[in-house]
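All remarks here apply to the structure that follows.
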Amino acid sequence: MFRLADRVTAWLLLLPALALLAAFTHWPALATLWHSVMSTPKKGRPARFVGLDNYRGMVEDEVFWQALWNNLIFAAGTIPLSIALAISMALWVNGRIAGRGFLRLAYFTPTVLPMIAVANIWLFFYTPQYGLLEQITHGLGLPSHNWLGDKHTVLGAMIVVAIWKEAGFFMIFYLAALQGISPSLAEAAALEGASRWQYFRRVLFPLLMPTTLFVLINALINSVRMVDHIFVMTRGGPDNASTLLLYYIYQVGFSFWDSGYAAALTVVVLILLGGVALFQFGFLERRTHYR
Amino acid sequence: MKRALFPIALAAAMLALALPAAAQKVTEVNFYYPVAVGGPVTKTIDQMAADFGKENPDIKVNPIYSGTYQESIVKALTAVKSGKPPQLAVLLSTDMFSLIDEEAIVPIDDIANSADDRKWLDGFYKSFMMNSRTGGKTWGIPFQRSTIVLYWNKEAFKEAGLDPEKGPANWDQMVEFAKKLTKTDASGNVTQWGVKIPSSGFPYWLFQGLTTPNDAILMNEAGTETYFDKPGVIEALQYWVDLSAKHKVMPGGVIEWGTTPKDFFEKKAAMIWTTTGNLTNIRSNAGFPFGVAMLPAKKHPGSPTGGGNFYIFAKTTPAEQAAALKFAKWATAPQRAAQWSIATGYVAVTPAAWDTAEMKKYAQDVPQALVARDQLQYSVAELSTHDNQRVTTALNNGLQAALTGSKSPADAMRDSQREATRLLKDFKK
Numbered sequence: 001m002f003r004l005a006d007r008v009t010a011w012l013l014l015l016p017a018l019a020l021l022a023a024f025t026h027w028p029a030l031a032t033l034w035h036s037v038m039s040t041p042k043k044g045r046p047a048r049f050v051g052l053d054n055y056r057g058m059v060e061d062e063v064f065w066q067a068l069w070n071n072l073i074f075a076a077g078t079i080p081l082s083i084a085l086a087i088s089m090a091l092w093v094n095g096r097i098a099g100r101g102f103l104r105l106a107y108f109t110p111t112v113l114p115m116i117a118v119a120n121i122w123l124f125f126y127t128p129q130y131g132l133l134e135q136i137t138h139g140l141g142l143p144s145h146n147w148l149g150d151k152h153t154v155l156g157a158m159i160v161v162a163i164w165k166e167a168g169f170f171m172i173f174y175l176a177a178l179q180g181i182s183p184s185l186a187e188a189a190a191l192e193g194a195s196r197w198q199y200f201r202r203v204l205f206p207l208l209m210p211t212t213l214f215v216l217i218n219a220l221i222n223s224v225r226m227v228d229h230i231f232v233m234t235r236g237g238p239d240n241a242s243t244l245l246l247y248y249i250y251q252v253g254f255s256f257w258d259s260g261y262a263a264a265l266t267v268v269v270l271i272l273l274g275g276v277a278l279f280q281f282g283f284l285e286r287r288t289h290y291r
Numbered sequence: 292m293k294r295a296l297f298p299i300a301l302a303a304a305m306l307a308l309a310l311p312a313a314a315q316k317v318t319e320v321n322f323y324y325p326v327a328v329g330g331p332v333t334k335t336i337d338q339m340a341a342d343f344g345k346e347n348p349d350i351k352v353n354p355i356y357s358g359t360y361q362e363s364i365v366k367a368l369t370a371v372k373s374g375k376p377p378q379l380a381v382l383l384s385t386d387m388f389s390l391i392d393e394e395a396i397v398p399i400d401d402i403a404n405s406a407d408d409r410k411w412l413d414g415f416y417k418s419f420m421m422n423s424r425t426g427g428k429t430w431g432i433p434f435q436r437s438t439i440v441l442y443w444n445k446e447a448f449k450e451a452g453l454d455p456e457k458g459p460a461n462w463d464q465m466v467e468f469a470k471k472l473t474k475t476d477a478s479g480n481v482t483q484w485g486v487k488i489p490s491s492g493f494p495y496w497l498f499q500g501l502t503t504p505n506d507a508i509l510m511n512e513a514g515t516e517t518y519f520d521k522p523g524v525i526e527a528l529q530y531w532v533d534l535s536a537k538h539k540v541m542p543g544g545v546i547e548w549g550t551t552p553k554d555f556f557e558k559k560a561a562m563i564w565t566t567t568g569n570l571t572n573i574r575s576n577a578g579f580p581f582g583v584a585m586l587p588a589k590k591h592p593g594s595p596t597g598g599g600n601f602y603i604f605a606k607t608t609p610a611e612q613a614a615a616l617k618f619a620k621w622a623t624a625p626q627r628a629a630q631w632s633i634a635t636g637y638v639a640v641t642p643a644a645w646d647t648a649e650m651k652k653y654a655q656d657v658p659q660a661l662v663a664r665d666q667l668q669y670s671v672a673e674l675s676t677h678d679n680q681r682v683t684t685a686l687n688n689g690l691q692a693a694l695t696g697s698k699s700p701a702d703a704m705r706d707s708q709r710e711a712t713r714l715l716k717d718f719k720k
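First to last, the protein sequences are chains A and B.
Its first residue numbered 1, the first sequence is counted upward by one per residue in the numbering used here.
Its first residue numbered 292, the second sequence is counted upward by one per residue in the numbering used here.
Below you can see the structure in the form of structure tokens.
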């Protein structure tokens, strides 16, 4: 049993954080839920309760389904590749090689750049005819291609940008984890005659699992949150081929000024992300080995 | 301690005395403006505000750079919704219906009601007023207005055996010229395209440069109906698609608006379509002589107007609205409009501005600037309807679908029209 004074102190200590969370996270989430069942106020027509109309509209909204589908492809493209790349880069710069500091810095640079700057750099890479990519393919005698102007390649081009931006960031976590692993494990494995692949597969990778879980969650959040480059590079085009969910929400909310529908879309994203988080913490965590 | 406190107390007392006095005398006008073309626009605007302040010490104009056009309307409408609108803003002329529907702006003729004011409002080019008036009221004042023109590389024309002094006059000629201007290297890659009509971001605007000469209009004046699936419109889109699909004189897929002028400097495109607002940019960056022509004709010449208007915001005091109007009037006076046009490349908005000595000299030095003015008589309003962003997005999606080959022009336009009809049904009375 705590004394009353202790309890008051505890609540008082929690209060600042609680107030901030409530004001900037929980209250807006609830307000969004409320807005999502209201119509958008227009001239002479104040907002009124419409129940699930906004959600029903979503079922028929082709752009929403395309954005959802694009986002799934975007996540499936960025997450495994950026994690694999991060691990390989971390393994490499963890070894004793010349110019290690420089390499680490080089890999980390994309992370410190703001996404808008990254997008502008890549805009130049992808520019038809005289962009960097074109100069290389042209040198190799390959045909010219309009990467951002083609429905079939634009999303792939976006995925590459995201991987380039993210892999270095994840590498830092893996690097930290690798440095915490005792070298005696490697020696023991070598004594047992394990190949380097076996050592990685059976020893290193399981030990890195907590990091992988953390990185996975971050990568997943980023695959929904990262849309800045869409604004700079494609604005969702051509014909919505590169529209991601968050970009679509922005468009509906701040170009179309349809606040009710934008709120409904936000709620759906909230539920999707909540579901994924539940799965990760509930299921994956049990299968993750913490020391 | 005492000594340290005294000056602070004195300063506070002086401030307390000075503030109310200042508030009574000076009317502040917060002025949002976007930058959509190259060049030192911010500096020019700041200078204008300072000059205006010198002549009108009772008004203080605070220019606030608000990003692109798209970002500017977001900022302005967010400010309106939070109850602190700017007094004055330059926003796209096509945002008129959206601003009216949000009850964000006031009709200009409610404030500008003297005989002198009315004369001023009638002094603008008619084609610029098309996007500024609806329902018998004036809602916007033309300021940084533009239109689409064709720029051509005279050197490339000479190399291709064409008359370097003549741009293509009509659609067939543009294809014919472009075929001669398209160059390929040994391995079959195109090194110079005949023509580039950009199609990223706002393809509907450039598309109007094709529909207008074909006698097709895209919407009614009330902004409640669109005509995307009319035969003339589909024919115009077919021509655009054919430039790359059939004639192979334009790259396939979507062409980026932002890099098109650079493609021109880099000699990757011999002819480009872009805004007159890029004239100053191209003049200072093109390393070769270039020409400016009206958009090629089909049944007749034609182009949409574009660019931004001044809007005066609701939920501000009458004194502030009057001050905002005074600045807008000052900024569009012949002398000012001429200077603004010369600094940016935008089309001077009144015939009177073209009669100033400064403008006449400029037109002599840069005869290309006259093309935009001469094209005005054939110009139509830029696509603008109620729920404007959504309706234009519906058209943009259709255009990009056709240009990337995923739908036929007819199917794409039918889909866009169906979507637009659905969006506009609530606005029809």
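Where a beta carbon is used, it is the ideal one built from N, C-alpha and C, also for glycine.
These numbers come from a predicted model, not from an experiment.
Cβ of residue i within 8 Å of any chain A Cβ
i: Asn444(B); result: no
i: Ile525(B); result: no
i: Phe606(B); result: This sequence places Lys at residue 606(B); Phe is not what is there. Judged by the 8 Å Cβ criterion, Lys606(B) is not in contact with chain A.
i: Asp463(B); result: no
i: Gly544(B); result: yes
i: Gln680(B); result: yes
i: Glu673(B); result: no
i: Leu528(B); result: no
i: Gly746(B); result: Coverage of chain B is limited to positions 292 through 720, which leaves residue 746(B) absent and any answer about it impossible.
i: Ala692(B); result: yes
i: Lys410(B); result: no
i: Glu346(B); result: no
As assigned by DSSP and simplified to three states, the class of residue i
i: Met233(A); result: helix
i: Trp27(A); result: helix
i: Gly452(B); result: coil
i: Gly414(B); result: coil
i: Lys651(B); result: helix
i: Gly500(B); result: helix
i: Ile563(B); result: strand
i: Arg3(A); result: coil
i: Leu273(A); result: helix
i: Val481(B); result: strand
i: Ala584(B); result: strand
Alpha-carbon to alpha-carbon, residue j and residue i
i: Val540(B); j: Leu441(B); result: 15 Å
i: Lys487(B); j: His538(B); result: 13 Å
i: Leu501(B); j: Val481(B); result: 25 Å
i: Phe64(A); j: Tyr248(A); result: 8 Å
i: Phe200(A); j: Leu178(A); result: 11 Å
i: Lys334(B); j: Ala619(B); result: 18 Å
i: Val371(B); j: Pro377(B); result: 8 Å
i: Ile633(B); j: Val352(B); result: 23 Å
i: Ser36(A); j: Leu246(A); result: 16 Å
i: Gln435(B); j: Asn222(A); result: 39 Å
i: Asn688(B); j: Ala29(A); result: 32 Å
i: His145(A); j: Pro128(A); result: 6 Å
i: Gly593(B); j: Ser670(B); result: 5 Å
Within chain A, partners of residue i - CB distance below 8 Å
i: Asn480(B); result: His138, Pro143 and Ser144
i: Ser697(B); result: Lys151 and Asp239
i: Glu516(B); result: Ordered by position in chain A, no residue passes the 8 Å Cβ test against Glu516(B), which lies about 19 Å from the chain.
Per-residue contacts from residue i into chain A (C-beta, under 9 Å)
i: Asn576(B); result: Per Cβ cutoff of 9 Å: no residues; Asn576(B) is ~15 Å from chain A at best.
i: Leu368(B); result: Phe254 and Trp257
Residue-chain proximity (residue i, chain B), Cβ-Cβ < 8 Å
i: Arg235(A); result: yes
i: Tyr130(A); result: yes
i: Asp53(A); result: no
i: Thr127(A); result: yes
i: Leu148(A); result: yes
The ligand NAP heavy atom lying under 7 Å from the CB of residue i
i: Phe493(B); result: Ligands in the displayed structure: none, and consequently the ligand NAP is not present.
Residue i: contacting residues in chain B (beta-carbon distance under 9 Å)
i: Ser255(A); result: Gln361, Ile364, Val365, Gln680, Arg681 and Thr684
Neighbouring residues, chain B, relative to residue i (Cβ below 7 Å)
i: Lys42(A); result: Asp392
Amino acids of chain A, ordered along the chain, whose beta-carbon sits closer than 7 Å to that of residue i
i: Asn688(B); result: Asp239 and Asn240
Below 8 Å, can you find three or more Cβ-Cβ pairs linking the segment 51 to 67 of chain A to the segment 260 to 278 of chain A? With a cut-off of 8 Å, the segment 260 to 278 of chain A and the segment 51 to 67 of chain A count as touching, because enough Cβ pairs lie within range.
Say whether the segment 179 to 192 of chain A touches the segment 95 to 107 of chain A, bearing in mind that this needs 3 or more beta-carbon pairs closer than 8 Å, one atom from each stretch. Of all C-beta pairs linking the segment 179 to 192 of chain A to the segment 95 to 107 of chain A, fewer than three are shorter than 8 Å, placing the two stretches out of contact.
So, do the segment 454 to 462 of chain B and the segment 509 to 524 of chain B have three or more beta carbon pairs nearer to each other than 8 Å? The segment 509 to 524 of chain B and the segment 454 to 462 of chain B do not touch, with fewer than three beta-carbon pairs separated by less than 8 Å.
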